[in-house]
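Student: Attaching a single structure in structure tokens format; questions to follow.
Number of protein chains: 2
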Amino acid sequence: MSEPLDPAMFRDPDCTDRAAQPIRVGGKWTASVLRCLQDGTARRFSELRVPLYWITPKVLTETLRAMERDGLLTRTAHDENPPRVEYALTALGRSLLGPLDAACDWARTHGTEIVEAREAYGA
Amino acid sequence: MSEPLDPAMFRDPDCTDRAAQPIRVGGKWTASVLRCLQDGTARRFSELRVPLYWITPKVLTETLRAMERDGLLTRTAHDENPPRVEYALTALGRSLLGPLDAACDWARTHGTEIVEAREAYGA
DNA sequence: CTGTATCCACAGTGATACTG
DNA sequence: CAGTATCACTGTGGATACAG
Chain A
5 MSEPLDPAMF
15 RDPDCTDRAA
25 QPIRVGGKWT
35 ASVLRCLQDG
45 TARRFSELRV
55 PLYWITPKVL
65 TETLRAMERD
75 GLLTRTAHDE
85 NPPRVEYALT
95 ALGRSLLGPL
105 DAACDWARTH
115 GTEIVEAREA
125 YGA
Chain B
5 MSEPLDPAMF
15 RDPDCTDRAA
25 QPIRVGGKWT
35 ASVLRCLQDG
45 TARRFSELRV
55 PLYWITPKVL
65 TETLRAMERD
75 GLLTRTAHDE
85 NPPRVEYALT
95 ALGRSLLGPL
105 DAACDWARTH
115 GTEIVEAREA
125 YGA
């Protein structure tokens with residue numbers, strides 16, 4: 005999720021503007037929120053906290069706000085008491101599930117190789 | 005590349021150890037290094053710097069060391085003068101190109117939607 | 001229940017200069 | 001050429017407490 009939006013993140017060799025960096029989409033928790041919502045059902049703020057390592061409300065708010073701003077999910081506040089707010093993926097958010105699953109499959113398949121390589125490197 | 009190795013990054017709801025976080029593979033530049041080397045040819049330190057926004061040597065060194073440690077690439081130092089060091093992907097590194105391409109394809113296809121969503125959000 | 005308000009620690013990133 | 005050494009900055013992420 006922290007991948008630069010520029011798919012290759014390469015620059016024109018003639019470009020001299022070092023500040024011309026690609027924009028970034030997503031933070032540490034974006035992928036996990038996506039997976040929480042991937043079955044299509046809308047979930048509430050507190051429902052999202054539990055599977056996400058009891059992420060603090062501040063960080064969850066920031067994550068959800070950023071995803072809403074980027075068009076990945078919708079925020080629906082029902083005018084009730086006590087308040088009820090529900091989050092659900094947009095079509096754009098769902099379109100990210102494919103690449104995300106590919107990454108997760110890779111992690112499942114090759115995760116142990118990474119761990120073993122790290123241990124071998126220590127020696 | 006900053007995805008947690010745990011594919012879902014969900015925790016056992018009964019787990020009370022908040023520090024039990026999944027390990028992470030890769031940093032800001034890992035995907036770009038991967039793409040620099042994806043055609044299979046080994047490249048030298050200074051060859052890698054140019055397309056990577058003239059990344060500073062310190063950061064490139066750290067990135068390459070981490071990738072070597074994780075088994076994603078090999079570092080070959082030829083005993084010459086001036087020194088020559090070449091980096092090439094391992095099989096594990098090449099296996100990451102698939103998921104990476106999927107992510108890049110997504111960015112190519114949906115990048116403008118993100119930008120538009122951000123602009124619309126400002127209004 | 002769904003967030004804000006503060007405050008803070010630190011990893012990550014980077015600029016610059018120097019070395020074998 | 002291929003790095004290391006320092007120093008500094010910044011934003012993300014997090015703990016805790018409080019509010020509508």
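In order, the protein sequences belong to chains A and B.
Here my numbering is used: the first residue of the first sequence is 5, the next is one more, and so on.
Here my numbering is used: the first residue of the second sequence is 5, the next is one more, and so on.
The beta carbon of each residue, even a glycine, is placed where N, CA and C say it ideally should be.
On a predicted model such as this, the values are computed, not experimentally measured, just so you know.
#1: Quick one, which of A:R69, A:E90 and A:A81 has its alpha-carbon nearest G30 of chain A's?
#2: In chain A, which residues lie with their C-beta within 9 Å of the C-beta of I118 of chain B?
#3: Would you check if the region 52 to 71 of chain A and the region 26 to 44 of chain A touch, i.e. whether three or more CB-CB distances between them fall below 8 Å?
#4: Mapping the DSSP letters down to three states, classify G126 of chain A as helix, strand or coil.
#5: So, does the CB of R122 of chain B fall closer than 8 Å to a CB anywhere in chain A?
#6: Do you know offhand how far A92 of chain B's Cα is from L104 of chain A's?
#7: Any idea if D74 of chain B is buried or exposed, counting beta-carbon neighbours within 10 angstroms, 16 or more meaning buried?
#8: Only counting runs of 4 or more residues, tell me where the alpha helix (DSSP H) segments fall wholly within the region 66 to 126 of chain A, in order along the chain.
#9: For W110 of chain B versus L76 of chain A, is the C-beta spacing smaller than 8 Å?
#10: Does the beta-carbon of A124 of chain B have 16 or more other beta-carbons within 10 angstroms, so that it is buried, or is it exposed?
#11: Could you give the residue range of the alpha helix (DSSP H) that holds R53 of chain B?
Tutor: By the coordinates alone:
#1: Taking the first sequence and counting its residues from 1, one reaches residue 30 of chain A at position 26. Of A:R69, A:E90 and A:A81, the residue nearest in Cα terms is A:R69.
#2: Within the second sequence, residue 118 of chain B is the residue found at index 114, counting from 1. Residues of chain A passing the Cβ test: L9, I27, V29, D74, G75, L76 and L96.
#3: yes
#4: Numbered from its first residue, the first sequence carries residue 126 of chain A at position 122. In the structure shown, G126 of chain A sits in a helix (DSSP, three-state: H, G or I).
#5: Translated into positions along the second sequence, residue 122 of chain B becomes position 118. Judged by the 8 Å Cβ criterion, R122 of chain B is in contact with chain A.
#6: Along the second sequence, one-based indexing puts residue 92 of chain B at 88. Along the first sequence, one-based indexing puts residue 104 of chain A at 100. Spanning the two alpha carbons is a distance of roughly 26 Å.
#7: Here residue 74 of chain B refers to the residue found at position 70 when the second sequence is read from its first residue. Buried is the call here.
#8: 95 to 99 and 101 to 126
#9: Counting from one through the second sequence, the residue named residue 110 of chain B turns up at place 106. Counting from one through the first sequence, the residue named residue 76 of chain A turns up at place 72. Not closer than 8 Å, so no.
#10: Taking the first residue of the second sequence as position 1, residue 124 of chain B is located at position 120. Taking all protein chains shown into account, A124 of chain B has fewer than 16 neighbouring C-beta atoms within 10 Å of its C-beta and is therefore exposed.
#11: Counted from its first residue, the second sequence places residue 53 of chain B at position 49. First-last of the alpha helix (DSSP H) with R53 of chain B: F49 to R53.
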